[in-house]
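Working notes, structure below.
There are 2 protein chains.
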Amino acid sequence: MRLVVTRCTVDYSGRLEAHLPEAVRLLMVKADGCVAVHADGGAYKPLNWMNAPNVLVDDPDRWVVTNSKGERLEITLLEVLSDTTYDLGDDPGLTKDGVEAHLQQLLAEHPDALADGLQLVRREYPTDIGPVDLLCRDGEGSYIAVEVKRRGEIDGVEQLRRYMDRLDRDPLLRPVRGIFAAQRVKPQARVLAADRGIRWIEVDYDLLRGRQSDELRLF
Amino acid sequence: MRLVVTRCTVDYSGRLEAHLPEAVRLLMVKADGCVAVHADGGAYKPLNWMNAPNVLVDDPDRWVVTNSKGERLEITLLEVLSDTTYDLGDDPGLTKDGVEAHLQQLLAEHPDALADGLQLVRREYPTDIGPVDLLCRDGEGSYIAVEVKRRGEIDGVEQLRRYMDRLDRDPLLRPVRGIFAAQRVKPQARVLAADRGIRWIEVDYDLLRGRQSDELRLF
DNA sequence: GACTCTATCTCGGTA
DNA sequence: TACCGAGGTAGAGTC
Numbered sequence: 005m006r007l008v009v010t011r012c013t014v015d016y017s018g019r020l021e022a023h024l025p026e027a028v029r030l031l032m033v034k035a036d037g038c039v040a041v042h043a044d045g046g047a048y049k050p051l052n053w054m055n056a057p058n059v060l061v062d063d064p065d066r067w068v069v070t071n072s073k074g075e076r077l078e079i080t081l082l083e084v085l086s087d088t089t090y091d092l093g094d095d096p097g098l099t100k101d102g103v104e105a106h107l108q109q110l111l112a113e114h115p116d117a118l119a120d121g122l123q124l125v126r127r128e129y130p131t132d133i134g135p136v137d138l139l140c141r142d143g144e145g146s147y148i149a150v151e152v153k154r155r156g157e158i159d160g161v162e163q164l165r166r167y168m169d170r171l172d173r174d175p176l177l178r179p180v181r182g183i184f185a186a187q188r189v190k191p192q193a194r195v196l197a198a199d200r201g202i203r204w205i206e207v208d209y210d211l212l213r214g215r216q217s218d219e220l221r222l223f
Numbered sequence: 005m006r007l008v009v010t011r012c013t014v015d016y017s018g019r020l021e022a023h024l025p026e027a028v029r030l031l032m033v034k035a036d037g038c039v040a041v042h043a044d045g046g047a048y049k050p051l052n053w054m055n056a057p058n059v060l061v062d063d064p065d066r067w068v069v070t071n072s073k074g075e076r077l078e079i080t081l082l083e084v085l086s087d088t089t090y091d092l093g094d095d096p097g098l099t100k101d102g103v104e105a106h107l108q109q110l111l112a113e114h115p116d117a118l119a120d121g122l123q124l125v126r127r128e129y130p131t132d133i134g135p136v137d138l139l140c141r142d143g144e145g146s147y148i149a150v151e152v153k154r155r156g157e158i159d160g161v162e163q164l165r166r167y168m169d170r171l172d173r174d175p176l177l178r179p180v181r182g183i184f185a186a187q188r189v190k191p192q193a194r195v196l197a198a199d200r201g202i203r204w205i206e207v208d209y210d211l212l213r214g215r216q217s218d219e220l221r222l223f
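Heads up: the sequence lines are chains A and B, in that order.
Residue numbering for the first sequence follows this note's numbering, starting at 5 and increasing by one per position.
Residue numbering for the second sequence follows this note's numbering, starting at 5 and increasing by one per position.
See the structure below:
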């Protein structure tokens, strides 16, 4: 990784046009070739950047980064305050826990957390507009489509409604009802769900996970 | 801006749980207080981060960053290879051109690029669920709601449909039709628009801009 | 503060 | 490669 602190101006042309007037900034060049221009604020996002793969021509007073999509980043270096390179080596990478896939898995294992007597038919049940997160049946054998989100917002309700429309055209499944499950369901999403005749449920992730470990404890 | 190159492990706990095993990485602390952990790849995005405002306790061998939402970033420094601080000063900031606002402005000036005889009633026409990008009338005086996107995807079509629902309840406007305009309309969005009785149009940004400069040339 | 929508979104998966 | 969906989305604007 190469780090250059420099007084510079920057022009980007590609998906939009952008210009940065003269100031001192940090240029970061990573081993994969991506270039980022950082100011001393604005969170972690750089002011300008160019992802790999690209071609960097780094003359002492001007860097030009181009890629095959016709994007172009031009940095004019007026004064270089520091220019250092480090060998960081490969990164073993990140492990995550608590995202939507995990929530879906937990609910697939405990569909009764959504409604009494609910049983899983299958995860990722396919339709011609994409897979439904969970397809279940209730105690009376009626089909219920479940959409799982970490954050329940309007888009998710619309998505579920589109799936229900599709499934409901299948005489073997009809009538299909829906449950919208999320850790938190936003007020607007609640209203829209009610309007569409869809039940919504806020799921307690820690409780679900706890329930799982309770079961594990039995063995 | 403080830049620390260090062999470290990282743990984040908050909106999810994440762990980074031991490796050499760059820690970036900006003047606004945000902390980012960068590896030597993966584009401009850091592996882990904590935005401002937060509290950083930076002991020599362990940094703990916490915020008021209960998020916590813990960095264990096993070996510090470099620790430098630069005064970058304020950044004058970025000027952009070519984003959605610009496209909307151009279409407001040239509604006939969307359909022959179309005339603008007003931009950002208010409804009780938010403003419609453009409200127009066609040659016969019928109202047409226009949603403008840079990238036309499913969400945008649903958004337009919600606006149309609202506008259509107004007896002074009814019946209201819709046009979905974007630089590129994705296949799924095309299908959904057709399904909802909405016309979609791909707009050539450069052409529109060119048309504008043609007009300017007349003066 | 909550909610809205944009973004050079980024990133990963898949066909 | 393009398309599609998720994101610790971030960030700006509005109410």
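Here a beta-carbon is modelled for each residue, glycine too, at the ideal position from N, C-alpha and C.
As the structure is a computational prediction, the values presented were derived from the model and not from experiment.
Option nearest residue i by Cα separation, candidates the options
i: R188(B); options: W204(B), L177(B) and D199(B); result: W204(B)
i: L211(B); options: V9(B), G37(B), L107(B) and V14(B); result: L107(B)
i: A43(B); options: D94(A), V161(A) and A119(A); result: D94(A)
i: D169(A); options: G143(A), Q192(A), D132(A) and D142(A); result: D132(A)
i: L177(B); options: A185(B), A186(B), F184(B) and Y167(B); result: Y167(B)
i: L164(A); options: L139(A), S146(A), G145(A) and G143(A); result: L139(A)
i: E78(B); options: K49(B), L60(B) and T88(B); result: L60(B)
i: A149(A); options: E206(A), L118(A), N52(A) and K34(A); result: L118(A)
i: R66(A); options: N52(A), L51(A), L24(A) and L82(A); result: L82(A)
i: G214(A); options: L98(A), V8(A) and L111(A); result: L111(A)
i: T10(A); options: R173(B), E104(B), A105(B) and L92(B); result: L92(B)
i: V152(A); options: E26(A), V39(A) and V103(A); result: V103(A)
i: V161(B); options: V41(B), Q192(B) and G37(B); result: Q192(B)
i: D159(B); options: V180(B), V69(B), A197(B) and P25(B); result: A197(B)
i: N52(B); options: G46(B), V41(B) and P96(B); result: V41(B)
i: V8(A); options: V33(A), A22(A), D87(A) and A27(A); result: D87(A)
i: P130(B); options: V28(B), L171(B) and D142(B); result: L171(B)
i: G46(A); options: G46(B), V39(B) and G45(B); result: V39(B)
CB contact below 9 Å: residue i versus chain A
i: T131(B); result: no
i: K34(B); result: yes
i: R29(B); result: yes
i: K52(B); result: Checking the sequence, you will find Asn at residue 52(B) rather than Lys. So yes, N52(B) belongs to the interface.
i: P25(B); result: yes
i: A117(B); result: no
i: Q109(B); result: no
i: L98(B); result: yes
i: Q78(B); result: Note on identity: in this sequence residue 78(B) is Glu, with Gln being the wrong assignment. No, because no Cβ of chain A sits closer than 9 Å to the Cβ of E78(B).
i: A105(B); result: no
i: E162(B); result: yes
i: A43(B); result: yes
i: G156(B); result: no
i: D91(B); result: yes
With 16 other Cβ atoms within 10 Å as the buried cut-off, status of residue i
i: R154(A); result: buried
i: G182(B); result: buried
i: P57(A); result: exposed
i: P115(A); result: buried
i: K100(A); result: exposed
i: E128(B); result: exposed
i: E113(A); result: exposed
i: R126(B); result: exposed
i: P50(A); result: buried
i: A185(A); result: buried
i: D199(A); result: exposed
i: D137(A); result: buried
i: M5(A); result: buried
i: G97(B); result: exposed
Within-9 Å CB hit, residue i to chain B
i: S146(A); result: no
i: M168(A); result: no
i: S4(A); result: Here chain A has residues from 5 to 223 only, and residue 4(A) is not among them.
i: L82(A); result: no
i: T70(A); result: no
i: A94(A); result: According to the sequence displayed, residue 94(A) carries Asp and not Ala. Interface residue, yes.
i: G182(A); result: no
i: L222(A); result: Because L222(A) sits at a pLDDT of 47, beneath the cut-off of 50, its placement in the model cannot be relied upon, and the following sentence gives the value as read from the coordinates. For L222(A), the answer is no, since every Cβ of chain B falls outside 9 Å of its Cβ.
i: A185(A); result: no
i: K49(A); result: yes
i: R19(A); result: yes
i: L7(A); result: yes
i: A193(A); result: no
i: D137(A); result: no
i: C140(A); result: no
i: D101(A); result: yes
Check: residue i C-beta below 8 Å from any heavy atom of the ligand FAD
i: G46(A); result: The ligand FAD is not part of the structure shown, which contains no ligands of any sort.
Item checked: alpha helix (DSSP H) segments (min. 4 residues) lying fully within the segment 84-160 of chain A -> 104-113
Notebook entry, point to check: With contact counted as at least three CB pairs below 8 Å, one residue from each stretch, are the segment 10-21 of chain B and the segment 62-82 of chain B in contact?
Noted result: yes
Check: What runs of the alpha helix (DSSP H), each 4 residues or longer, lie entirely inside the segment 6-67 of chain B?
Finding: none
Checklist line | Ordered list of beta strand (DSSP E) runs contained in the segment 172-215 of chain A, each at least 3 residues | finding: 180-189 and 203-206
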